[in-house]
Amino acid sequence: GYRVSLQGNFFGHNHTYITFPEYNPCRHIKLDPPLNIQSNATASKCQIWWSVPSVLIEILQYELQYKEYSMSWEVALNKTPPSSLPQIEIDATELRSGIAYIARVRCKVSENEDSYHSQWSEWSQTTVFQRAGVPKLSEKMPNTRTMQFLFIPLSFGALLYLFWNCKLSSRYCCFLTSGQKASPALTFPHQLLSFSHSIICIMGILR
Numbered sequence: 001g002y003r004v005s006l007q008g009n010f011f012g013h014n015h016t017y018i019t020f021p022e023y024n025p026c027r028h029i030k031l032d033p034p035l036n037i038q039s040n041a042t043a044s045k046c047q048i049w050w051s052v053p054s055v056l057i058e059i060l061q062y063e064l065q066y067k068e069y070s071m072s073w074e075v076a077l078n079k080t081p082p083s084s085l086p087q088i089e090i091d092a093t094e095l096r097s098g099i100a101y102i103a104r105v106r107c108k109v110s111e112n113e114d115s116y117h118s119q120w121s122e123w124s125q126t127t128v129f130q131r132a133g134v135p136k137l138s139e140k141m142p143n144t145r146t147m148q149f150l151f152i153p154l155s156f157g158a159l160l161y162l163f164w165n166c167k168l169s170s171r172y173c174c175f176l177t178s179g180q181k182a183s184p185a186l187t188f189p190h191q192l193l194s195f196s197h198s199i200i201c202i203m204g205i206l207r
């Protein structure tokens with residue numbers, strides 16, 4: 001360590017005052033603030049990260065402040081990262097949708113570090129973020145009423161097509177011999193019933 005003293009001339013006499021009998025610079029550190037603070041907000045969370053010298057990452061701790069952009073820093077909320085990594089997440093439940101937020105961070109040597117001790121650095125530059133809006137249900141899925149209006153005419157069109165096929169097939173039914181396959185007209189009732197059942201099921205789902 002070092003001994004720090006203060007010397008001065010008072011009333012014509014030189015005096016020496018011992019201010020620190022044993023001064024250890026490693027115990028009196030003030031770091032530079034973190035750099036390059038950035039953010040990325042989604043509908044579920046906001047990620048914030050920053051940069052510090054790589055040799056210090058394992059021995060630093062951080063404190064993040066964030067607030068609504070229009071508010072004063074005196075009402076800002078504080079958040080501490082769970083590890084020494086220069087990053088933190090804010091859950092979307094802590095943010096109001098559609099509101100801009102601003103955040104800043106500061107650092108110091110971790111309390112768990114025995115070799116060094118420091119006070120908090122100055123606050124970093126700020127980053128601005130806004131929680132992404134959650135899409136409404138109507139935006140995620142097509143409107144069911146619209147699907148019904150589209151499905152009904154298509155269903156009737158398909159029924160008309162089946163009836164038309166039946167009418168054409170019946171004209172040639174009398175020319176079939178006993179060794180030939182059954183006419184499409186004979187299988188039409190079964191096709192119609194199957195198709196009608198499908199329409200009823202789908203309409204029930206759309207409701």
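Going by the UniProt record's numbering, the letters in the sequence shown line up with residues 1 to 207, in that order.
Glycine included, C-beta positions come from ideal geometry on N, C-alpha and C.
Just so it is clear, the structure is predicted and the values come from calculations on it, not from any experiment.
Below-8 Å beta-carbon distance, residue i vs any chain B residue
i, result
"HIS28", "Annotation note: the requested chain B is absent from the structure, which comprises a single protein chain."
Backbone CA spacing between residue i and residue j [nearest angstrom]
i, j, result
"GLU89", "THR16", "53 Å"
"GLU94", "TRP123", "22 Å"
"ARG104", "SER51", "12 Å"
"VAL128", "ASN40", "9 Å"
"LEU56", "GLN38", "19 Å"
"PRO86", "ASN9", "49 Å"
"MET71", "GLN125", "17 Å"
"GLN119", "ILE102", "24 Å"
"SER83", "GLU113", "14 Å"
"THR42", "GLN65", "19 Å"
"PRO53", "PHE11", "49 Å"
Short Cβ contact (8 Å threshold) for residue i with residue j
i, j, result
"GLU68", "ILE99", "yes"
"CYS26", "SER115", "yes"
"SER121", "LYS108", "yes"
"GLU63", "ARG131", "no"
"ILE29", "SER110", "no"
Sheet register partners of residue i (DSSP bridge)
i, result
"ASN78", "GLN65"
"SER44", "Beta-bridge pairing links SER44 to no other residue."
"CYS107", "TYR62"
"GLN119", "LYS30"
Cβ shell of residue i (< 6 Å), same chain only, five flanking positions each side left out
i, result
"SER44", "ALA92"
"GLY133", "SER97"
"PRO81", "TYR62 and ILE88"
Cβ-based neighbour list, residue i, same chain, cut-off 8 Å, excluding 5 preceding and 5 following
i, result
"GLN7", "ASN14, HIS15, THR16 and TYR17"
"TRP73", "GLN65 and LYS67"
"residue 209", "Nothing in the structure corresponds to residue 209, since the chain is present only between 1 and 207."
Inter-stretch contact at 8 Å, needing at least 3 Cβ pairs: the stretch 71-81 / the stretch 28-43: no
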